[in-house]
Amino acid sequence: MRALISVSLLLSFVLTTALWSAELKVPPQVTAGNAFSISGAGSGQGTFYLIGPAESIKRQVDLANDIQIQSEEVEHVGRYTAITCGGDQCSSGHFYVHAAAPDRLGLIVHPSRVPVSNPNAISAVVFVFDDFHNLVLVPQSVKLTVTPTAGSSISESRNTQNGVTWVRLNSAPKGGPAKIEAAIGKASEIRVVQQVASDACNLQMKSSWMSGKLVIETNPVRDCTGNFVPDGTIVSFTKTDADGKTTVDVPLKKGIAKVEMPVSGQAHITVASGVVTGNELNVSGGR
Amino acid sequence: MIRPAWYVRKMTNTIHNPIRRFARITATTCLALCLASLPRVSADTSLPTVELNAEKMGPRQIEDLTSKSIPRDYAFAWLSMAQALDTNRKDLLGGYFTGLAKENLVQKIADQQKTGIHLKYEDHGHKLEGLFYSPAGDAMQLRDQAALEIQILDGDKVIQTEQVTLHFIVLMTPGADRWLVRDLETIPEGKP
Amino acid sequence: MKRLLAIGIFIITVVLVGISWFTSGGLARQRMYSAQTPEEAVRLMVSQVQAHNWDAAYSRLANRGEVDKAAFVRDLAGSNGSLLTYANLESFDVWGLHQTNQDAIFRAKLHYSTAVGPLETFRDLKVEHDGNTWKVFWPTTRLPKLAPQVIPVNYLRWDVINRGAQDDWGVQNVDNPQVRIISMNALQRPDSVVLVGEIVNEDTIPAYVNVSATLLGPDGNEVAQEGSFDKISHTLLPKQVSPYRIDFPGMRMDKIKSVRMDAKAMLIAASADPVIEVGQQHIETDALNKKVLRGQLVNQSGQIVNIPHVIASYYDGNGKVIWVSDGYVDQELLPQIPVSFGLDVPDDVAKNVQNYHVVVNYYENNNS
Chain U
1 MRALISVSLL LSFVLTTALW SAELKVPPQV TAGNAFSISG AGSGQGTFYL
51 IGPAESIKRQ VDLANDIQIQ SEEVEHVGRY TAITCGGDQC SSGHFYVHAA
101 APDRLGLIVH PSRVPVSNPN AISAVVFVFD DFHNLVLVPQ SVKLTVTPTA
151 GSSISESRNT QNGVTWVRLN SAPKGGPAKI EAAIGKASEI RVVQQVASDA
201 CNLQMKSSWM SGKLVIETNP VRDCTGNFVP DGTIVSFTKT DADGKTTVDV
251 PLKKGIAKVE MPVSGQAHIT VASGVVTGNE LNVSGGR
Chain R
1 MIRPAWYVRK MTNTIHNPIR RFARITATTC LALCLASLPR VSADTSLPTV
51 ELNAEKMGPR QIEDLTSKSI PRDYAFAWLS MAQALDTNRK DLLGGYFTGL
101 AKENLVQKIA DQQKTGIHLK YEDHGHKLEG LFYSPAGDAM QLRDQAALEI
151 QILDGDKVIQ TEQVTLHFIV LMTPGADRWL VRDLETIPEG KP
Chain B
1 MKRLLAIGIF IITVVLVGIS WFTSGGLARQ RMYSAQTPEE AVRLMVSQVQ
51 AHNWDAAYSR LANRGEVDKA AFVRDLAGSN GSLLTYANLE SFDVWGLHQT
101 NQDAIFRAKL HYSTAVGPLE TFRDLKVEHD GNTWKVFWPT TRLPKLAPQV
151 IPVNYLRWDV INRGAQDDWG VQNVDNPQVR IISMNALQRP DSVVLVGEIV
201 NEDTIPAYVN VSATLLGPDG NEVAQEGSFD KISHTLLPKQ VSPYRIDFPG
251 MRMDKIKSVR MDAKAMLIAA SADPVIEVGQ QHIETDALNK KVLRGQLVNQ
301 SGQIVNIPHV IASYYDGNGK VIWVSDGYVD QELLPQIPVS FGLDVPDDVA
351 KNVQNYHVVV NYYENNNS
């Protein structure tokens, strides 16, 4: 008798498990934003559940009829679980939604400012998305175009891998903005990189006397490729004389740094900008 | 060890009745299987294990600190997601999710609040493989193989429990003091 | 009987009032008011300053005819948003340097609590015997006046428009400035480990910088983390160099295997003015026999600099940074008017100093 009960229990468990995990017939793959239907999974009224990456949908359905899935219910790529429950029995199925056609681009360009004549200094990373901001993982060809300040554009096509492609670029020897454009189909994005002067090169100062004070000013400060160093860049003047040491940090204005200093006796003057040093002057004071 | 009399009797019965013994063993096995398959998923508060393999990742070489913070922050992201989906608390997502990943989860929790559905995750660990680390260090793409037990509940009623190995494409970007999950997409096995 | 009781109550009241006057220091005040000694004269004057009782303090001066009361108050309470206007005289010490029957010189050490921490100033005051009391000579400080003029400033300023918080990820933003730590030196001080060095803004835009450091133990674990706080010039214009110093109190060098430096830079709206000249820099030994880097600041622009902050890095013969010290100047910088400063240099450092570099950070009432 006990054996009979045990076998019955085993059978009922197997049956229940089989019914519980009954497979719902769902399409294996769906494109994001495309409506479709799931075949009816029984009879009578039941509850339909759809669990997706951004969805938790529940509605009453007639299990005998097809269940309509609206386009807006499958806009996000990923794994979806569809479940129908009628009475105590539930059926479930899984399907994957993949991205629609490429429609948007994410273009990340670094840095936004770059010193001139710097190899591989600019990087551009392109992410390809569909209309619903899903990353398009199927390889796509992206056209990258660089338009320098002077000269003609240069274009190149790159294939994405896992929805991403990237490129490294040299900065031009001339300062000014460079445009970087990524395009796929109708979608395009443009970024601008400011190419700025590099460190000061051949920093030179000269001195003159005005109303008993020594006036020191630099020549127009340029980098090694001849670009003007931007205004506001600090130039440090240091004077050492009988009174001790005097330092003044002066910003470049109109390309020149200028300072007035009193001098007593023999004075030694140096100039620097950041880690770049310039010429030195020896002057006699007391004029 | 002193045993009671009924114990000796019971043992004797079992040994001397092979059909009963078979039925008993079968029933015990079934019971054990049933118990094993019973829902036991709960909103675990311990961090899931995350292993990172960044050997093939490029073009930027991963920094020592980043190679430590990525698995740590990804584990915290999964922990906070599991807790948020179990308790319908959107505020738990802010710490480790941003952008589309956060928007999707916020939408999902809003749906859960409307429908009464909620999810419980038991996280058995993640194997992360680095795919892409941008030259400027501002984006990292990874593939995750996650072993999960997912339970779908409608109110208090369990409507499905499954043990699965899922594959994700993850996009992480640096925040002020941690890496944030910006995109989390489940992909079919073997892809891309 | 009633009359007797009233008289008794009156006498008791008078006695009690007398006792309370005595115990509350009335006698001492009376003695000080009459300033029987030069020290009492100085103490009385400074205690009136402490109580902001400017009339009483001013009345204690021997040279009232020469000192304008407004200048006296300005000297002690600050003006034009200078550090002293955000300060409170907490306490003071007075001791004599020289004394005769007719005059004396006393030194007053004034302890202020200010918005940027404690501040100590010294005043050497001459005291003179005047009749039956002593009075203080306040050093006359004539505020130099600049002739009315127009100081042309080619106003150079950077403003920043950042990406909005709601903009999509991947939309272009303006990058943070590039800064670089150009030197770092770890020193064992008697009670702490100190990191000193310099940082440069390598970019073409201003940067708001902060340097922090993490000490790592022999097992690679973090032992301590600290930031440079105000021992750095936070706003760096393009190519500007600032010293920095990070203190780890109670730390020992033998507990540290390595140091992880972190320089953070943010975009900041900034102005290239004012330009401040740091002149007459020299190291000398002061009256307390301590080494001090002295110099004077000259504000070359036309606007007032409210609170100047001087930071100096000191180099040894190899050009290595061996110390960084800083200090706030309690006076504002008026256009073209030199203001002196002094920074303490530890004796063991001073003997190795071959060169130094001084930068001036400043705080203004509206922005910093």
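Chains as they are written, first to last, in the working numbering: chain U, 1 to 287; chain R, 1 to 192; chain B, 1 to 368. The beta-carbon is built from N, C-alpha and C at its ideal position, and this holds for glycine as well.
| Item | Value |
| --- | --- |
| Look at R:V158 and R:L148 and say whether their C-beta atoms are less than 7 Å apart. | no |
| My understanding is that U:F127 touches U:A32, with C-beta atoms under 8 Å, so please give their C-beta distance in whole angstroms. | That pair is no contact at about 16 Å. |
| Using the three-state DSSP reduction, which class does U:L252 fall into: helix, strand or coil? | coil |
| Is there contact here, the stretch 48-55 of chain U with the stretch 75-89 of chain U, by at least three beta-carbon pairs under 8 Å? | yes |
| Using DSSP's beta-bridge definition, name the partner residues of R:Y96. | Answer by DSSP bridge pairing: none, since R:Y96 is not bridged. |
| According to DSSP, is R:N104 helix, strand or coil? | helix |
| Kindly say whether U:P148, judged by its beta-carbon, lies nearer than 7 Å to any beta-carbon of chain C. | Annotation note: the requested chain C is absent from the structure, which comprises protein chains U, R and B. |
| By Cβ distance, which residues of its chain are closer than 6 Å to B:N361, with the 5 residues on each side in sequence left out? | S233, H309 |
| Nearest-angstrom Cα distance between R:M140 and B:G197? | 34 Å |
| Taking U:C85 as the reference, which of U:T147, U:G42, U:P102, U:H110 has the closest Cα? | U:G42 |
| Along the stretch 280-292 of chain B, where does the CB come closer than 8 Å to a CB of chain U? Name the residues. | Q280, Q281, H282 |
| Using a cut-off of 8 Å between C-beta atoms, extract the partners of R:N104 located in chain U. | P53, A54, H76 |
| In angstroms, rounded to a whole number, what distance separates the CA positions of B:H129 and B:L61? | 12 Å |
| Please return the same chain residues whose Cβ sits closer than 6 Å to the Cβ of B:D326, not counting the five positions on each side in sequence. | K231, I311 |
| Is it true that the CB of U:I154 sits closer than 7 Å to the CB of U:V146? | yes |
| Find out if the Cβ-Cβ distance for the pair B:P274, B:Q296 is shorter than 7 Å. | no |
| Pull up the DSSP beta-bridge partners for U:F127, would you. | U:G106, U:V164 |
| State buried or exposed for B:E40, treating a residue as buried only when at least 16 other CB atoms are found within 10 Å of its CB. | buried |
| Using DSSP with H/G/I as helix, E/B as strand and the rest coil, what is R:I109? | helix |
| With 7 Å set as the bound, which would you pick, yes or no: does the beta-carbon of B:P274 sit closer than that to a beta-carbon of chain U? | no |
| Which chain R residues sit within Cβ distance under 7 Å of B:W95? | Ordered by position in chain R, no residue passes the 7 Å Cβ test against B:W95, which lies about 52 Å from the chain. |
| Determine the contact status of R:K120 and R:Q151, defining contact as a CB-CB distance below 7 Å. | yes |
| Measuring CA to CA, which of B:Q300, B:T37, B:E277 is closest to B:N132? | B:T37 |
| By Cβ distance, which residues of its chain are closer than 8 Å to R:P188, with the 5 residues on each side in sequence left out? | H167 |
| Taking the alpha-carbon positions, what's the R:C34 to B:A213 distance? | Confidence in R:C34 is poor, its pLDDT being 44 and thus under 50, which makes the residue's placement unreliable; the coordinate value appears in the next sentence. Roughly 57 Å between the two C-alpha positions. |
| Which bits of chain U does B:P238 rub up against, with CB to CB less than 7 Å? | P230, G232, T233, I234 |
| Have a look at U:V235 and U:I269 and give me their C-alpha separation to the nearest angstrom. | 13 Å |
| Reducing DSSP to helix, strand and coil, say where U:L203 ends up. | coil |
| Along chain R, in chain order, which residues have C-beta atoms closer than 9 Å to that of U:N162? | L131, F132, Q141, R143, I169, P192 |
| Give me the chain U residues within the contact set of R:Q107, using Cβ-Cβ distance strictly less than 7 Å, ordered along the chain. | A54 |
| How should U:P111 be labelled, buried or exposed, when 16 other C-beta atoms within 10 angstroms of its C-beta is the threshold for buried? | buried |
| What are the residues of the stretch 60-89 of chain U that lie near chain R, defined by any Cβ-Cβ distance shorter than 8 Å? | H76, V77, G78, R79, T81, I83, C85 |
| Tell me U:C224's beta-bridge partners as DSSP assigns them. | According to DSSP, which records beta bridges pairwise, U:C224 is partnered with nothing at all. |
| Would you kindly check if the distance between the Cβ of U:S92 and the Cβ of U:D66 is under 7 Å? | no |
| In chain B, what lies closer than 9 Å to R:R182 by C-beta? | W169 |
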